[in-house]
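Heads up: the sequence shown runs through residues 12 to 399, numbered per the numbering used here.
Ideal placement from N, C-alpha and C gives every residue a C-beta, glycine not left out.
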Amino acid sequence: MTAFDDIAPQLATQAIELPSWAFGNSGTRFKVFPTPGTPRTVEEKIADAAMVHRLTGLAPSVALHIPWDRVDDYAGLARYAADQGVAIGTINSNTFQDDVYKFGSLTHTDPAVRRKAIEHHLECLEVMDATGSRDLKIWLADGTNYAGQQDMRGRQDRLAESLAEIYAQVGAEQRLVLEYKFFEPAFYHTDVPDWGTAYAQVAALGERAVVCLDTGHHAPGTNIEFIVMQLLRLGKLGSFDFNSRNYADDDLIVGAADPFQLFRIMVEVVRGWGLDPASGVAFMLDQCHNVEEKIPGQIRSVLNVQEMTARALLLDRASLTAAQEAGDVLGAHQILMDAFYTDVRPALAAWRESRGLPANPMAAFADSGYQQRINAERVGGTQASWAS
Ligand code: PSV
Ligand code: MN
Ligand code: MN
Numbered sequence: 012m013t014a015f016d017d018i019a020p021q022l023a024t025q026a027i028e029l030p031s032w033a034f035g036n037s038g039t040r041f042k043v044f045p046t047p048g049t050p051r052t053v054e055e056k057i058a059d060a061a062m063v064h065r066l067t068g069l070a071p072s073v074a075l076h077i078p079w080d081r082v083d084d085y086a087g088l089a090r091y092a093a094d095q096g097v098a099i100g101t102i103n104s105n106t107f108q109d110d111v112y113k114f115g116s117l118t119h120t121d122p123a124v125r126r127k128a129i130e131h132h133l134e135c136l137e138v139m140d141a142t143g144s145r146d147l148k149i150w151l152a153d154g155t156n157y158a159g160q161q162d163m164r165g166r167q168d169r170l171a172e173s174l175a176e177i178y179a180q181v182g183a184e185q186r187l188v189l190e191y192k193f194f195e196p197a198f199y200h201t202d203v204p205d206w207g208t209a210y211a212q213v214a215a216l217g218e219r220a221v222v223c224l225d226t227g228h229h230a231p232g233t234n235i236e237f238i239v240m241q242l243l244r245l246g247k248l249g250s251f252d253f254n255s256r257n258y259a260d261d262d263l264i265v266g267a268a269d270p271f272q273l274f275r276i277m278v279e280v281v282r283g284w285g286l287d288p289a290s291g292v293a294f295m296l297d298q299c300h301n302v303e304e305k306i307p308g309q310i311r312s313v314l315n316v317q318e319m320t321a322r323a324l325l326l327d328r329a330s331l332t333a334a335q336e337a338g339d340v341l342g343a344h345q346i347l348m349d350a351f352y353t354d355v356r357p358a359l360a361a362w363r364e365s366r367g368l369p370a371n372p373m374a375a376f377a378d379s380g381y382q383q384r385i386n387a388e389r390v391g392g393t394q395a396s397w398a399s
């Protein structure tokens, strides 16, 4: 088994982006439970994200969602974030909340609606220019509920045209990242339902168009690590939206429902050199904390990713390859499971301390008084919009 000291340099480069919307109140269609201390502004969301980074050293950037996080001065917002010790990361577009998008956005039959959706993405690119963000992430709610409702082929063609128009404006250092989701809010067909469709669409655009894999966006039983392997192999894995699912797009804490799945995903990330910053893979969370506290929820999440990354890095690759090539089925499986069952928590705690970070970031947050302070300061927090 590889020693912890050997993997520490790779762990030191790990960066996990936090979603601004994780700090706002969210819930289900049945109820949103308000939480004391909820941010009232995007600045307060960024401040909370910065707290997660200070305690973990793992979360140096925050993703924004436009228009949820719309401000007048994005360059000023980027400066504010930098003062807090974090950067503005991915800009997420939103074409799923306006009445006009009832029957689609970039795929719509009406050119005026497509124009509005394209213009929104061009606005997001302007935001990125001001914030210095690299990635424009597009998730579309487009789809239909009934067979025959729309011409699926025509919608796919219009999607390609709309994306091409957006891609033409993507800067040389920027990327277009297309996210897929197998269903919801549409229940018959979705226009970008799977990695194959996302891949086909971005491959037609060019090199700076890549795919986002949201771990919650697959049918039960899907071998997600296979998709990770394939997209890395094709050079098209742009980013992860990490979360956990038990049933649908639950947006629960990553690594909570199925830590073994997160481990298997990280094994393929390591195997495909996805941890190498040169790979360009962005590791993000896409979670909503409905009943748990939000800042500790994010701390728990980044620690879960770090723990499974450490276990994946500890995998004895040479022995695994030897066992695989010898046709040693149980031996190979055992080597993988040995890495999975390694408790890395004590080593990670000691390593954190050696880098001037709290050994236990969850306890450090509880002791910090930060939550009590924001509870007192922030009254009347806004409800973060969310899309399941
Ligand atoms: C859609 O379900 C999604 O996963 C997309 O990433 C959205 O941007 C995000 O949720 C926000 O709710
Ligand atoms: Mn997502
Ligand atoms: Mn989702």
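Near ligand 2: Trp150 beta-carbon under 7 Å from a heavy atom: yes
Stretch pair the segment 37-52 + the segment 375-390: three plus CB contacts closer than 8 Å: yes
One or two residues paired with Pro30 in a DSSP bridge: Ala74
Any non-hydrogen atom of ligand 1 within 7 Å of Glu190 CB: At a threshold of 7 Å, Glu190 counts as near ligand 1, since its beta carbon sits closer than that to one of the ligand's heavy atoms.
beta-carbon Asp202 near ligand 2 non-hydrogen atom, thresh 7 Å: no
Check: His300 C-beta below 7 Å from any heavy atom of ligand 1: Relative to ligand 1, His300 has its C-beta separated by 7 Å or more from all heavy atoms.
C-beta contact flag for Phe351 and Phe294 at 8 Å: no
Beta-carbon separation (whole angstroms), Trp79 vs Trp32, contact threshold 8 Å: 6 Å
Rounded C-alpha distance that separates Ala321 from Gln212: Between the C-alpha atoms of Ala321 and Gln212 there is a straight-line separation of about 34 Å.
beta-carbon Asp110 near ligand 2 non-hydrogen atom, thresh 7 Å: For ligand 2, not one heavy atom lies less than 7 Å from the Cβ of Asp110.
DSSP state of Ser399 mapped onto helix, strand, coil: For Ser399, the predicted model reports a pLDDT of 41, less than 50, meaning its position is unreliable and no value from the coordinates is stated.
Same chain only: Cβ atoms within 7 Å of Thr155, ignoring 5 sequence neighbours per side: Cβ within range, chain order: Gln161, Ala197, Tyr199, His200.
Where the beta strand (DSSP E) containing Asp225 begins and where it ends: 220-225
Top-ranked residue by Cα proximity to Gln383, from Tyr85, Ile306, Thr24: Ile306
Rounded straight-line distance, which links the Cα of Ala215 to that of Arg166: In a straight line, the C-alpha of Arg166 is about 16 Å away from that of Ala215.
Distance CB(Val97)-CB(Pro71) smaller than 8 Å: yes
Own chain residues within Cβ distance below 6 Å of Arg169, not counting five before or after: Scanning its chain for C-beta atoms nearer than 6 Å, with the 5 sequence neighbours on each side dropped, one finds around Arg169 the residues Thr118, in chain order.
For Asp202, three-class secondary structure by DSSP: coil
Contact check, Ile57 vs Cys135, beta carbons under 8 Å: no
Rounded C-alpha distance that separates Ile310 from His64: Rounded to whole angstroms, Ile310 and His64 show a C-alpha spacing of 8 Å.
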